[in-house]
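Structure, as structure tokens:
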Amino acid sequence: MPQSFASLYVHLIFSTKYREPWIEDDWSPRLYEYISGTLRKQSHKLIIGGGMSDHIHLLISISRDSSIVDLVRNVKANSSRWVHEQMPNASTFAWQAGYAAFSVSQSALADVRGYIESQKQHHETRTFQEEFLAFLEKHGFEYDPRYVFE
3 MPQSFASLYV HLIFSTKYRE PWIEDDWSPR LYEYISGTLR KQSHKLIIGG
53 GMSDHIHLLI SISRDSSIVD LVRNVKANSS RWVHEQMPNA STFAWQAGYA
103 AFSVSQSALA DVRGYIESQK QHHETRTFQE EFLAFLEKHG FEYDPRYVFE
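First residue of the sequence shown: 3, per my numbering; consecutive thereafter.
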């Protein structure tokens, strides 16, 4: 076959360091725009980004010749730099060290998009920690709760 085809989607979740409520509603849309630009430079596409003051969800169409580790490293480093430059009151802003990445099938894209769009409603009854642990369990990850969160 002379051509290569790939349809790769990932739902990426990570929080601010110590789950501090850094991300404010008035500037979060600009943060997601910046992240989208960072991803485009790596040949990825942000389908939707959303979250709460202490964490973000990104649904990304990833290029076939990259790694999740590189993608996350670039998104975190560049967006952290952007926050420091654009938000004078966020001089100690940082992302947590880890992340979770879940593969998403084409048939589940609409559901994941809807989930990310509905973050405010989800978090009326569930903390980030509860949400995150539920994702790990749903996707069959074994983990020690003592080491999941900073």
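Just so you know, even glycine gets a beta-carbon here, dropped at the ideal spot from N, CA and C. If you're wondering where the values come from, they're calculated on a predicted model, not measured in any experiment.
Could you tell me if residue i is buried or exposed, where buried requires 16 or more neighbouring beta carbons within 10 angstroms of its beta carbon?
i, result
"Asp56", "buried"
"Gly51", "buried"
"Tyr101", "buried"
"Gly53", "buried"
"Val85", "buried"
"Val12", "buried"
"Thr94", "exposed"
"Ser17", "buried"
From residue i to residue j, what distance separates their C-alpha atoms?
i, j, result
"Ala136", "Lys47", "26 Å"
"Ser107", "Phe7", "15 Å"
"Ser82", "Glu133", "23 Å"
"Pro4", "Arg128", "49 Å"
"Arg148", "Gln131", "12 Å"
"Glu152", "Leu138", "16 Å"
"Glu144", "Gln121", "25 Å"
"Ala103", "Ile70", "8 Å"
"Arg32", "Glu126", "24 Å"
"Gln123", "Asp72", "31 Å"
"Gln44", "Asp67", "10 Å"
"Ala96", "Val150", "17 Å"
"Tyr20", "Ile118", "21 Å"
"Leu41", "Asp146", "31 Å"
"Ser105", "Asn80", "23 Å"
"His141", "Asp27", "30 Å"
"Ser30", "Ser109", "28 Å"
"Leu61", "Glu87", "25 Å"
"Val77", "Met89", "17 Å"
Write down the C-beta distance between residue i and residue j rounded to the nearest angstrom, noting that I regard them as a contact closer than 8 Å.
i, j, result
"Ile25", "His59", "Their Cβ separation, rounded to whole angstroms, is 12 Å, which puts Ile25 and His59 out of contact at 8 Å."
"Leu10", "Ile64", "5 Å"
*Do the region 99-113 and the region 23-39 meet, that is, are 3 or more Cβ pairs less than 8 Å apart?*
The region 99-113 vs the region 23-39: no contact.
_Within the region 27-55, ranges of the alpha helix (DSSP H) (whole runs, at least 4 residues)_ = Runs of the alpha helix (DSSP H) spanning 4 or more residues and lying entirely within the region 27-55 occur at 30-43, in chain order.
*At which residue ranges does the region 69-148 contain complete beta strand (DSSP E) runs of 3 or more residues, listed in the order of the chain?*
Within the region 69-148, the complete beta strand (DSSP E) runs of at least 3 residues are 102-106.
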